Amino acid sequence: KTIYLIRHAEGFHNRAGERDPKEYGSEAYADARLTARGWRQCEHFKETLESRDAYGKMLETCELVVVSPLTRAMETAAGMFGSVDGDGCVLMEATRAEAMKACERPALRCDARLRGGKKFVALEMVREQIGGNPCDRRRSVSEYRREFPGVDFSFIEDEDDVLWKPGRENREPEPVLRARARKFLDWCFDREEDSIIVVTHSAFMCNLMVEYCFGGHVPSENMREHMHAWPQNCECRPLVVVDTRRKLTTSPFYHAGG
15 KTIYLIRHAE GFHNRAGERD PKEYGSEAYA DARLTARGWR QCEHFKETLE
65 SRDAYGKMLE TCELVVVSPL TRAMETAAGM FGSVDGDGCV LMEATRAEAM
115 KACERPALRC DARLRGGKKF VALEMVREQI GGNPCDRRRS VSEYRREFPG
165 VDFSFIEDED DVLWKPGREN REPEPVLRAR ARKFLDWCFD REEDSIIVVT
215 HSAFMCNLMV EYCFGGHVPS ENMREHMHAW PQNCECRPLV VVDTRRKLTT
265 SPFYHAGG
């Protein structure tokens, strides 16, 4: 499986938290949206990959886009893989500007290269470390369905966020987060898709990378330093993973020789 791990673009909570880390605990940044800089980061992502002749290839080979059910992740997915003049489904409805909370944005439609039955799926398993910070508390599924009509929310069981609890003492422990990352990898291997884009968060990405190495993939020292580094906003880390517990199917390109 090829998994493209992408951290969301800059949110209003990120900007405030860089000035004062205590701001991460502010209700003002509950389920934070992207800043203007965050939206520019999405455009820069597309421009950079286009300059390498890689963006189109990613879209054409991708079979599934998994997104965290937090607004900043879904806006990032729409910003990266949608466009104003696209002719696919509406990924995100237009938003109005709100001081320190939201940027005015037009409706974004799915890029034509991601059409043909390819889905955008919201999954609780790839959310940020749960609990404590209001920016990591999601809103109701009904609200999200209105704002992001191109995203499939059928995998989310509860209308409201029953997983998040206030207080630093209720922050999801890293071993639990790491187990969630392992559960997500298992979920990927149970899927038929072989190329999956995942728009997620920094703590989840870091812990998944650690869990990936625990699974027998031992990187070199230089590679480990890169893999375990805290991801930047809009950073994309492609992974190729193999589940040795399952029987492998032969690639159509394999030839035994002789």
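Numbering of the sequence shown is given in this note's numbering, commencing with residue 15 and proceeding in unit increments. Every residue gets a Cβ at the ideal spot worked out from N, C-alpha and C, and that includes glycine. The structure displayed is predicted, hence computed values, not measured ones.
For R54, the uninterrupted alpha helix (DSSP H) run begins and ends at 50-65, by DSSP. By the Cβ-count criterion, A68 is exposed, with fewer than 16 other Cβ atoms from all chains shown falling within 10 Å of its own Cβ. A straight line joining the alpha-carbon of H27 with that of E89 spans about 14 Å. Note: F134 is bridge-paired with V79 in the DSSP secondary-structure output. For R251, the pairing in a beta bridge is given by DSSP as L19. Under the Cβ criterion (8 Å, minimum of three pairs), the region 77-89 counts as touching the region 193-208. Look at V155 here: in three-state DSSP terms it is helix.
Judged by DSSP secondary structure, V256 falls outside any alpha helix (DSSP H); it is assigned neither H nor E. Distance check between R54 and each of P252, C248, L253, V256 places C248 closest, using alpha-carbon atoms only.
The Cβ-Cβ distance between T85 and Y158 falls below 9 Å. When C-alpha distances from Y43 are compared across R29, R51, A50, the shortest belongs to R29.
Taking the Cα of E61 as reference, the smallest distance to any Cα among S40, M94, L48 is reached at M94. Going by beta carbons, C117 and T49 fall inside the 9 Å limit.
The DSSP assignment places 69-75, 85-95 as complete runs of the alpha helix (DSSP H) inside the region 69-113, in order along the chain (cut-off: 4 residues). C-alpha of G39 to C-alpha of G146: approximately 7 Å in a straight line. Per DSSP, the unbroken alpha helix (DSSP H) holding L199 starts and ends at 188-204. Looking at G164, R192, R160, the one whose alpha-carbon comes closest to that of L105 is G164. In the DSSP assignment, R29 falls within the alpha helix (DSSP H) that extends over 26-33. Excluding the 5 residues flanking it on each side, G100 has same chain C-beta neighbours closer than 8 Å at L122, R123, C124, D125, A126, in chain order. Across the structure, K132 and L191 are spaced so that their CA atoms are roughly 28 Å apart.
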